[in-house]
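Accompanying notes for the structure given below.
Residue numbers (this note's numbering): 1 to 343.
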């Protein structure tokens, strides 16, 4: 649980710096050169099954997009593609697992914004965001959404804040893991609006955080739009505001946070594919080409849009440009909000 001053009381893996941090992989987006090492000969997908590791629990936004991409990739390229969820540790467990995986073309990571946030939250990480991975491509982004149950009796973010201020200790907000953009935005909201007494309940994944709202455990949910989207459309929950730069195309009645009276409040969650550093550059380029082709299909774009994602379809190099830009950006946000993760 996050304490009232934004500090966390969650455990974190005491991993060492990745052993690949000394391998000299090219930083800022260039696929790392193949590295001679002991182990089986390189035999990449589709000759062998491809595992897409999602560093969050099933049912959340990253899991949804991983399964959409995995199915499309298998259909386009043949072979077998499967998704494996490795949640926990603020996504560090799954990211560290792929950072240490054999770079043999059988394991890749579906990363979220935690990839660029965690370097500022944790003193020790099991991965280096610039050295331990070869970027494949960026997939899509999704705005986040603040949502409540209709029976709470509020219709806007301003109304919720006013209600919560009457007795903050009676209110809870659920979020995905520490370091995700929904968790960060919840803490920023609390700091800005004087709601330090409202507890943040952190879950292993976005699906579980949303279930807490549906089950009445919390009064406010801060999460990625994708898993909340069908519940908002059905009226089961009420979206108070989205945190993107513009309103979502099929939820025109939900304002942005800026429109709701909260300026400079843009938080989005992105997703990207990365391979362990040392993976064959030819294999990385092939996956980049094939995945970008999948994302260019109107049916894929429509499917992702229906589940709350907006396709970005950026190259691996462009993704690493984002990494270089957002690592310091989130460091500044975390510092100003006074968010710390304590062991």
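A virtual CB, placed ideally from N, CA and C, is assigned to each residue, including glycine.
Environment of residue i [buried if 16+ CB atoms lie within 10 Å]
| i | result |
| --- | --- |
| residue 187 | buried |
| residue 322 | buried |
| residue 166 | exposed |
| residue 160 | buried |
| residue 306 | exposed |
| residue 223 | buried |
| residue 215 | exposed |
| residue 227 | buried |
| residue 302 | exposed |
| residue 132 | buried |
| residue 234 | exposed |
| residue 82 | exposed |
| residue 250 | exposed |
| residue 63 | buried |
| residue 289 | exposed |
| residue 252 | exposed |
| residue 217 | exposed |
| residue 70 | buried |
Boundaries (first-last residue) of the alpha helix (DSSP H) holding residue i
| i | result |
| --- | --- |
| residue 98 | 92 to 99 |
| residue 183 | 181 to 193 |
| residue 285 | 281 to 296 |
| residue 232 | 225 to 234 |
| residue 159 | 157 to 166 |
| residue 73 | 61 to 77 |
| residue 125 | Neither: residue 125 is in no alpha helix (DSSP H) and is coded neither H nor E. |
| residue 102 | From DSSP, residue 102 is part of no alpha helix (DSSP H); its letter is neither H nor E. |
| residue 153 | It is not in any alpha helix (DSSP H) - residue 153 carries neither H nor E in the DSSP assignment. |
| residue 206 | 206 to 214 |
Host beta strand (DSSP E) of residue i (start-end)
| i | result |
| --- | --- |
| residue 144 | 133 to 148 |
| residue 314 | 310 to 315 |
| residue 240 | 238 to 242 |
| residue 172 | 172 to 175 |
| residue 199 | 199 to 202 |
Spatial neighbours of residue i in its chain, beta-carbon cut-off 7 Å, leaving aside the 5 residues before and after
| i | result |
| --- | --- |
| residue 213 | 147, 149, 174, 221, 237 |
| residue 354 | The requested residue 354 does not occur in the structure, where the chain is confined to residues 1 to 343. |
| residue 113 | 180, 181, 269, 270 |
| residue 283 | 44, 105 |
| residue 219 | 148, 152, 171, 172 |
| residue 229 | 307, 308 |
| residue 116 | 129, 323, 326, 327, 330 |
| residue 97 | 53, 86 |
| residue 164 | 171, 195, 198 |
Contacting residues, own chain, Cβ-Cβ under 6 Å from residue i (five flanking each side not counted)
| i | result |
| --- | --- |
| residue 103 | 276, 278, 279 |
| residue 58 | 85 |
| residue 291 | 137 |
| residue 101 | 107, 276 |
| residue 359 | The requested residue 359 is not part of the displayed model; the chain covers only 1 to 343. |
| residue 304 | 140, 311 |
| residue 287 | 136 |
| residue 333 | none |
DSSP beta-bridge partners of residue i
| i | result |
| --- | --- |
| residue 85 | 54 |
| residue 266 | Answer is none; residue 266 lacks a bridge partner. |
| residue 109 | 53, 274 |
| residue 221 | 147, 174 |
| residue 256 | 242 |
Cutoff 8 Å; reference residue i; Cβ partners in own chain excluding five residues on either side
| i | result |
| --- | --- |
| residue 155 | 238, 240 |
| residue 335 | 120 |
| residue 65 | 110, 139, 140, 226, 271, 304, 307, 309 |
| residue 158 | 260, 261 |
So does the stretch 244 to 256 actually touch the stretch 102 to 117, counting three or more Cβ pairs closer than 8 Å? no
Flag this pair as touching only if the stretch 290 to 300 and the stretch 81 to 101 have three or more C-beta atom pairs under 8 Å; answer yes or no. no
For the structure I just gave you, are there three or more beta carbon pairs, one from the stretch 45 to 52 and one from the stretch 67 to 80, closer than 8 Å? yes
Would you call the stretch 124 to 131 and the stretch 191 to 210 touching, i.e. three or more CB-CB distances under 8 Å? no
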